[in-house]
Every structure is written in C-alpha cells, then in structure tokens.
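Chains as they are written, first to last, in the working numbering: chain A, 301 to 498; chain B, 242 to 340; chain C, 3 to 1012.
Backbone N, C-alpha and C define an ideal beta-carbon position, used for all residues, glycine too.
Working notes for the structure below.
Below, the structure written as structure tokens:
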C-alpha cells in the first residue's frame, strides 16, 4: 500500500550545487548516503566485550585513540575511551545491532544513529587545504596518516574525520548541520575548483 | 588560545574543542540533607581563585566527550598536566587539593 | 602628462628593485601621479617630490614621510573608496598598483591648505592632559566630545557599505615559525629547514630579505645578494617550508599560538569572491624564532617634524631599493656609525652630501674614514638643534655640544639642506616578545630595550635582540633556527648554514642621545616632537612629569605618547628616556609600556574570515525543512535550529495564520515538526537509578511502553530542563529534552556519570538527529493516524495517554508517543530521519479529509500557554523552582537518594512565600495583549522607581478563548488570585490585569485523554 521513499541527508544541499563540476577540481565531494551507523559503547578492557564485538563485526576494535579499522562488512572508528562508531551496509544495521545484543553481555550499549548522520568523502589534491581552512586539527600526512580518525571542530560544526587509504578523507557529520557544512565546503573550496561527484 | 592535552585522546588539541567546567575535585557531599545552609552554600558556590596553580575540570565537548582535570598556572597560563577523573594531580597546591 | 622622467622628478636615473618598464598610475589626495612596479606608495610619492603627506592631528602642522616601513607615523592614508576603502594604512607599506587611490586620513582640507595651520594655532591651548582636564566633566557629555575628538584625530573612516571582498582563515601547524625574513630570519629558516622540521617563515614585505633588500648591491663584493638568492631558492625548494610574504605576524598569544595577516590580493586590487583578499593564518608553532629586526630611532630636536627630516636608514632604503632621492642636499645627523651609510649611499647615488653632523666629539673608525675619503664633511661634536622651514626643510641650525650632548657650548650656525637623515640608534622590534608577557629589559650597552625572558617556546635573533652586525645576525639566526628545530625534535642543534664571507666593519660605540638641547629651555624652545602621530612633544612629557605623572603608564595616558595607530614605534623610547631624565632616574628604573597585539592594525574582515553572512552561525535543518520552505514557512530561530514559526497562506499576516493554526488544532487536527527536540538514548543496568537521581520526580517504576514527564534541577534547586522520558525496554530509556537544552543536558548527564557516579552502569547517546518527529494533534488525530498505521492498536484504552508503541506508519518503522504539549489528543510519530519528509507528507495526505493543518512554533506557544505549560527559558530564567512554577507535584518527597537539587530546594530562600510564582493574567480589556517582559506593579500611580511585583513571561491572543492570555511570575502570586495588578508600559499606558490560575483552557485536562 505504501511505497516508503527516503531522502539522503544532502539531497537538497547538493542539488543546489549541480553546476559545480569543473574538470580540474582540487576538491571533490561525494556523499556516501544510506550507510548503517551504529554507536557502540562498552569497556575495552573487558576481553569478552572486545572478543564479542570483533567476532560479530569480523573487524578489529580499535582501542588506540584516534584510529579506525576497516573490514569487509564493517568499519570501526574510535570515538572515545569507551565509544565507537560502527559503519555497516544500510540494510545490515538492524541485523548487526541485533547480533551485537545477542553476543554481548554486561555493560554495553548499541544505538542506531543511521538517520542522524551522513558521510562526506573529500578527495582531490586540495582536500587537505580545505581541512586546514575548516579545522584546528593538524592534518599533516605525517601525523594524520591513513587509518587515523579524529573528532574535532569543522567550521562551527563538528565532524569525525578519517584518513583513507586512497588519500581522501571521510567526514561523518550530523544531519542537522549538513546543509551548513556543505555550504561552507563549497565556498571554502571555490578557489581550488570544487566538484560534486554523484 | 590554550593548547590542552586530553588524557583520553592522548593528544594536545585547540581550546575551541573544550569547555571549562570550573574548579576540579569538588565532590558532592554524601548526605546533603545533613548539611547546614552554610555548608551547602560552600559546596555549591564557593571556589578557590588562586594566583598560581589551579586544578580545573574541562569537557572535551567536540572530541571524546570525556571530562578530565587540568593543572594550570593562572599567571602564566601554562598547563602543567592533564589527568583523568579519579586520578590525583602530580603538582599539588595545599589549598585546592583537600578533596 | 609627459614622460615619467619629468613626472618623477626625484627618481634616480638608475638602480633600485623597481621595474622601470612598468609605469603605474595612481592618485593621492586627488592628484594623479606615476610610479613604477616595485614602488610603495611612499616611494612613489617621494619620487614625485610630494613633501607634505599629512597634517598633524593636534597642531595641524605639515608632515612628510619619515620612515619606510611599519614605523611610519605621518603617511597614514585612507586607501580606496566606497565599500572597499581601508583606513589607517601606512603609505610605506602599500605596494603600488594601477589605479591606486589614496588620501590622507582625516584631512578634510587639503594637506597644503594653510588655513589648517590657523586651526592648529588652537593647539597651543591644548596642553597635555587636555582631554582629561577638559572633557572629564560633565561625564555625560563625553560621548558628544568624543565624536569631535575622533574627527580631529584623523583616524580615517571605515566603509559604510558591506565589504564585497572575501576573507578566510587557515589553521597552520609547524615545528618552527620564523618571524621576519631578514638576514637572521632567513638563516634561522634555512637551518631549521635542513633539519627536516616543518617551517613557516613570514615577512611583512612583498619580498624576502629584510634589510638586505635595501643594502647597496656592492656590499661585501656582492656575496650578500648572492647568498640571498641562493637561500631563497633553497627554501622555495623545500617541501617542509612554507614562505609567507606580505604576511604580518601581528599577535603572539598563549601556548605558542600566533596570528598572521597575509595580504593576498591587496597589491593586485582584484576582487574575487572565491579568492580571499586577506587570509588570517592561525599558527600553532612548537617553537618560534623572532627575527623581527629593529627600527631606527629618530633624534628629537626643535622643529624635527618639518617634511624632509627622515630616518637615515629610510634615506638609504629609498635610494638603494627604490631608486629615489627624497631631496637634493643631505645632512646626516647621527650619534652612531651606522647612519654614515646613508651619506655614503647618497654620495654613491651621485647626490650632494652637505655634511655629516655627529654628536660624538671625535668620530673615528672605519666608516668615518670611508666618508672622509669620499670628501664628505664630517662635523663632530655638533648637533642639529633646530630644523628650518615649514612645508619643506630649508636648512638646519647646528651647534657645538658638550661631551654628553646635553648642552650647547658655542655659537650656532646654519647649514643649507632640504633633507636631514637622522639616527639616534636602533630600537629592537620586541613587540611580539612582549605579547608573550616577557618584560622588556633595558640595555645601556645596546641603548635600547631587549626582549625579556619568555614563558613561551621562543627566542629572538638578530637586530630584534640588539645584534646589529650583519655577520652576527647571520650566525645568531642560524643558531636560533637550529636550536628551535632541535627543541621541536629535529636535528642536534648544530649549524650547517654557511654565512656569506663578508668583511665586518668595526663600529665605534654610539652615544645615548634622546633629546637635543636648544638655546632655549625645552619649555620655551620650538616644538621638539617625540611622537609625531599624536603630536607629543618633549615639553609635554616634562610637564607630565612635573604634574606628578611619574609612572611611565600614567605619563603615556596623560600625554597620549604611543597611543596612535603606530603604537609609538618611533617615539616611545625617546619619550621614556625624556621622562626618566626629567625624573632624574635611569631608563631601566623607569621601565617601558607594554606592547599588545596587534603589531600593525588588522582588518575586521580577516578576523571574521568566512564566518559572515549565511555562515555566521550554523543553521540546523530538520528532515522536513524543504517541505516547510516550499509551503510558505516563516522562520523562528531556536538555538541554531530553524523552525517554522507559522505558515502564511495568501492574504494572511502572522496574526491570521496563527489564529487559523490554533483553531485547527483545537477543533480539527494540526501537525507540528517536532524533530528539533533533544533526544538522548540511555542504556545500562543503572539507567533507572541514574534518572531517579537526575530528575526531581521518581523514575524507578517507569515500565516499558510508558512515558513520564520530568523536571531537571540544578543543585541550587532551580529548574534547568524538562521533557518526557520513555522506558523503551528494561534498562533502556529515551529522554526528550528541550530544543535549546539538548547539548547542555547531555553534558549534564555525562558530568554526573563520569565525575560523581562512575559506579553507575549507564551510557548516553544523542539521537536527536536520527529521529524525525511529526506531532499529530487535535480531536481527529487518531483518525488520521489510523489511515496510515494498521499495526498499532490505537484504541484509547489500548494506547493510553503517556504510552508509546512501536509500529509502522506509512510503511516506515516508527515509534509513536502519546504525549501532548497542546492539551489535545496527540500522537508524536518518530521515524528515522531519511523518511522524515515522506512520512510527513503521508500524514498530511491522510489528514486531508480532516483538514489537517501544519502549524508552527507560534501556534505551539499559544496552545501550550492556554494550557499553562511552561517553556524552560521563557517562563523560567534559572531562578525558578518547581514550587515557583506551581509544580510541586513533580518533586518527589521520599526518594532514597537525595536527588540533584533536592537540598537546594530546602534552603530558607527557596521556602519564602513571597517568591515570584507562576500565575495567569487576564487583562481587564480582553483585546489588549500585554507585551512579554512587561513589569507588574500594584499601584501604577506610585512614584518612580516603582515597586516591582514581577513580570509577564508569556503573552498571546488566544483565538480559542477569544481574548488575550498571559503567564506571569508575581511575588506571592499563588495567594493573590483575583487581585488586579498593573503593567506600566514604555509608552506611558498602564494595563490592568486580573491574577488568575495559569491553566486557561480545559482545566481538568480531559481533552488529551480521549
């Protein structure tokens, strides 16, 4: 009877930027929409918790501050000493949440936050400069190499920023701030040439 | 613009990522109802304002969302240490380390 | 206009770092001139023989260019016009560009118009301390005076229109920041760079090289120039080095945070929305090398402000760097060896040196011998005691002086000249060092203040530290760079740089000289200017000392010494020395005033960066935002959220729309986007215990499927936030907060869990953005929901008020809450935000047959006020207890744990019966709507100041009730039902109103339970 229709977080913000496609863009933005986002809490010193998470996700649970791990089905980002962001396929979020609840015992929490945030991938030669304009964190490749992630300020909003193997950056931002963030990026990146990748 | 080391993120970050939560090591009395208004007022409102070393609590609001403590020199603004809640500061001042 | 040779009368036939093939046209004070690429506005004006560039602000005396850099006190101009005009720029630092237009700041009349001199005569009536003495009383007139003083002070004017240019910021991190790219700075950058450290080197000039740029090309057999070229090439090639030209490091802040203003397109005068005109670099440096150089100190003698009196190093700079001779007949007036170079440069350029007047008795040494070999007349033991001329220099009076140059010991005589290059030695640029809090230290040996001991990770090198020999500057810079890199973790501190093999000239000691004697005493002599920008004379400083302003900080404020936009870069040291001498004490004992950021004036545009206009503050949108914009929403900002305030239909104004929306909710059904409410997921074994401690009411017995309204207090017992919390499952809750309070509540929960009760197992996660919420409310709400939801039993007994259910709404997984902020039957439908707009539209479609009406926050406010529901922050203000809000029912009396705020509530002050309490107000005239914030008194006829009884917190016209309603807090109000009180308004009216209960509509609360 109903045909449920969903919208990406940046659906309207990016539609306003359709003409922004210079061939030699220094900054290229792409939304990785409809990913499953799970907020995971627990005690990393609890071996059972770690083992349970890693067995369920088939991914490494990073306990070192400021790192993320990638695996086939899930990426796990360190958010705090007892907090991680788990990214899974959109349709898998409910199952993964269920499986974690089945596997884990003791004090933990899993919360689906998929609707509340989105991922912006920034690539291009000048993506690093754009980050320098937007955040006080030091994104120099020596200190912020592949596999690093950081929660910090981004313009006047906040973001989880992760360094990827291909040299690009993933920004996880909150839905309500997304239009502001995209507008900021478009203006700050204009001098380098700014493109939106569908 | 202070540069504050978060003991959980194990990194120095810009002051803009944090908010200050006032004097550290203020413990909530176990039995508030047994305190006089004056004693309660001391807990609620009275804080040290030292010239020199001061232990203060900060909240890493744009980062890991953890509270932690900092020992800061209120004259030079130099930060001597950051330490986790529950830990004792390495640099002590007699006045502000009673709890 | 004919050829440039004619136009640029003072341009030398050859030499200089200018491009004679690129003439540039510009205008100054409305007159067209021509200069060359590579000129500054100052060098181009001098090339065109423009002597007078300003009128002084107090005495309106004609003034000319004195310096060649940041120190310039006179050539302060207003650049450009209209929206892009910039005030208070130094002509010496403005690169010439085609079409440049500049004028003297504050010069309402032409700088050459002598009538101004008559006005200036009034200056005689303005002794130091004039402002204090004249304008302090009556105090209320100060604002009026200030406007005139500012105008007279010639501070320039900001653009009246919005700035069309863009500005931005870059957050920088480096191991070593080198400030200044003269010999010491370049050597420092080079050694640091070779160690592998990340280096930023910034210089305010358009080219790197500092003093080397003005050095004669033949110095040291050209090795210096070669070294400069090679060094710059090596630095450019380093991937770990960022070189910032046209970049002024203007402030040094805590924890090695420095601010740099980079002028990116000022010199091109192009305007592009994407490329920032200026960029603020916010630098966090591990180590800093301050190689900021030194500024030459002028000598203070009578009429030393006549155009044509310049700094010796500036004369050299104009000759060597710009190929300009700012006069024809030069006298060099000095107390040191260094200034002899100006005479040598002048002579080498084929110009006539009248004499070198040296206050030292028997000047000798290498440089003196060199001058004499060039047949330059060196007059030792003499000083220039007075300059002659008004608009241009016409001669100098010189006199023989005693050994310490404090007295005239023989007859004076006149020398013919049109240019005096004077030098009283050098003042290290210690501004940035003193920003760190380092106290400047006076050095008798260096005759200047040197950087004090620093608490920051920095060191000074070269002239900034009082080191003036070129060779020493190179080696000191190299060592500083290596040491800085080492402390940042690079290299072992050894120096690998090769300094150029230059011959070092041995210099004779300089004489400490700050004020030349005159045949008349200081108080009677022609004016001897100390601070040219603010017209502070030696006599004024002596007077200040005599009047008791002995502290250097007091004397500064009394005389205005150093208060100009140049911060006294030229005048301060002479002024302090004169003060010390008057007081009969040493300069070290007198001390100095402290420099503060910014080193040179900085534009607001750069400080604001991109955070302007739409990006001034983030605007947060809900998932339904686009629908609202497409349907005529007018907005209300709630925190950073943008919420529909009301939806305007054709021919409606706000009042009509709100009335229509309110009536729809009361009579049919309405729908509100409630997505902005804060939502916190709470999980853990001790979640209920935690909630029970944090809320004033009990939460231990809340069962899954149930919701409860709760109020949070601060420890003082005052209401902090409120909202509904639902029990989702055992040990699993969802807390709603107010829209504006969401972040503060989350921080509050974390604070207590992390710092006081870490033993409680509970985790908090913000889910505000995850859920989109559509509130369907009104008598027909159930019917609407039934059309899109078939898996929740909506029966009133199966799904009760304050229950919640999981289900499917329009095919989307949803969580539905039966909670109400309108007092009507309400369902709050929550779905993952990706489906927010879709579900919103499906609910509207389903509700069409019931005339479902979207409503905004204004109607929401009216509807809740009709019910007496409070809004935190509107009806409360951080000083209201639950009892004050007549909400004692929300305070549990018998919790085992002393909840947050409980003890606060028992304080005597919280128990008083005359506290302000929440009541309703009905105006005696039903149509009159009280203004929110109106003060309440018992007797409007009483004398002012009236005795206040409270104030109106919420006030609306209620369409449902056909009259105005208001909520107010009134002292002891709950005991005053039926009393008539009065609200005196700003327009003189007073509105009478009756105190009533705070629930206006459906007092029994039956409508939400149907």
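Of the candidates C:693, C:946, C:775, C:693 places its Cα closest to the Cα of residue 900 of chain C. Sequence-ordered contacts of the segment 249 to 265 of chain B with chain A read 249, 250, 251, 252, 254, 255, 257, 258 [C-beta pairs closer than 8 Å]. Contact of residue 409 of chain A with chain C by beta-carbon distance below 8 Å involves 683, 685, 686, 765, 767. Around the beta carbon of residue 933 of chain C, fewer than 16 other beta carbons sit within 10 angstroms, so the residue counts as exposed. The alpha-carbon separation between residue 324 of chain C and residue 194 of chain C amounts to approximately 32 Å. Going by C-alpha positions, residue 714 of chain C is about 18 Å away from residue 688 of chain C. Judged by pairs of C-beta atoms under 8 Å, the segment 817 to 828 of chain C touches the segment 795 to 808 of chain C, as three or more such pairs exist. Interface residue (Cβ-Cβ distance to chain A less than 8 Å): residue 844 of chain C is classified as such. In this structure residue 329 of chain A is not in contact with residue 419 of chain A, their Cβ atoms being roughly 11 Å apart against a cut-off of 8 Å. Under the Cβ distance rule, residue 840 of chain C does not count among the residues neighbouring chain B, no pair being separated by less than 8 Å.
Looking only at B:321, B:330, B:305, the smallest Cα-Cα distance to residue 260 of chain B is reached by B:305.
By the neighbour-count criterion, in which a residue is buried when 16 or more other Cβ atoms sit within 10 angstroms of its Cβ, residue 328 of chain C is buried. Judged by DSSP in its simplified three-state form, residue 832 of chain C adopts strand. For a cut-off of 8 Å, the C-beta gap from residue 582 of chain C to residue 592 of chain C is around 4 Å, short enough to register as a contact. Secondary-structure assignment with DSSP links residue 643 of chain C through a beta bridge to C:622, C:640. Of the residues C:959, C:569, C:466, C:973, the one whose Cα lies closest to the Cα of residue 662 of chain C is C:959. Fewer than three pairs of CB atoms, one per stretch, sit closer than 8 Å, so the segment 649 to 658 of chain C makes no contact with the segment 750 to 767 of chain C. Within chain C, the C-beta atoms nearer than 7 Å to that of residue 319 of chain B come from 457, in chain order.
The three-state reading of DSSP puts residue 170 of chain C in strand, counting E and B together. By a beta-carbon distance limit of 8 Å, residue 643 of chain C does not contact residue 739 of chain C. Their separation comes to about 13 Å. Around the Cβ of residue 624 of chain C, a 10 Å sphere holds 16 or more other Cβ atoms; the residue is buried.
Shown in chain order are the members of the segment 286 to 317 of chain B whose Cβ falls below 7 Å from a Cβ of chain A: 303, 304, 305, 306, 307.
Taking a C-beta distance under 8 Å as the contact criterion, residue 865 of chain C and residue 667 of chain C qualify as a contact pair.
Against chain C, the beta carbon of residue 403 of chain A has no neighbour under 7 Å; the closest one sits roughly 16 Å away.
Runs of alpha helix (DSSP H) with 4 or more residues, each lying fully within the segment 775 to 841 of chain C, are found at 783 to 790, listed in chain order.
Judged by DSSP secondary structure, residue 483 of chain A falls within the alpha helix (DSSP H) whose first and last residues are 478 to 489.
Contact check for residue 293 of chain C and residue 463 of chain C: beta-carbon distance about 5 Å, within the 8 Å limit, so the pair qualifies. DSSP, reduced to helix, strand and coil, places residue 39 of chain C within a strand of the structure shown. Counting C-beta atoms within 10 angstroms of its own C-beta, residue 455 of chain C has fewer than 16 neighbours from the protein chains shown and is therefore classed as exposed. By the criterion of a C-beta distance shorter than 6 Å, residue 211 of chain C is surrounded in its chain by 230, once the five residues flanking it on both sides are discounted. In the DSSP assignment, residue 986 of chain C forms a beta bridge with C:992. Any Cβ of chain C closer than 8 Å to the Cβ of residue 398 of chain A would place that residue at the interface, and such an atom is absent. The Cβ atoms of residue 557 of chain C and residue 543 of chain C sit closer than 8 Å to each other. Under the DSSP assignment, residue 632 of chain C falls in the alpha helix (DSSP H) whose first and last residues are 627 to 632. Residue environment: residue 915 of chain C is assigned as exposed (fewer than 16 neighbouring CB atoms within 10 Å of its CB, all protein chains considered). The beta carbon of residue 283 of chain B sits no closer than 8 Å to any beta carbon of chain C.
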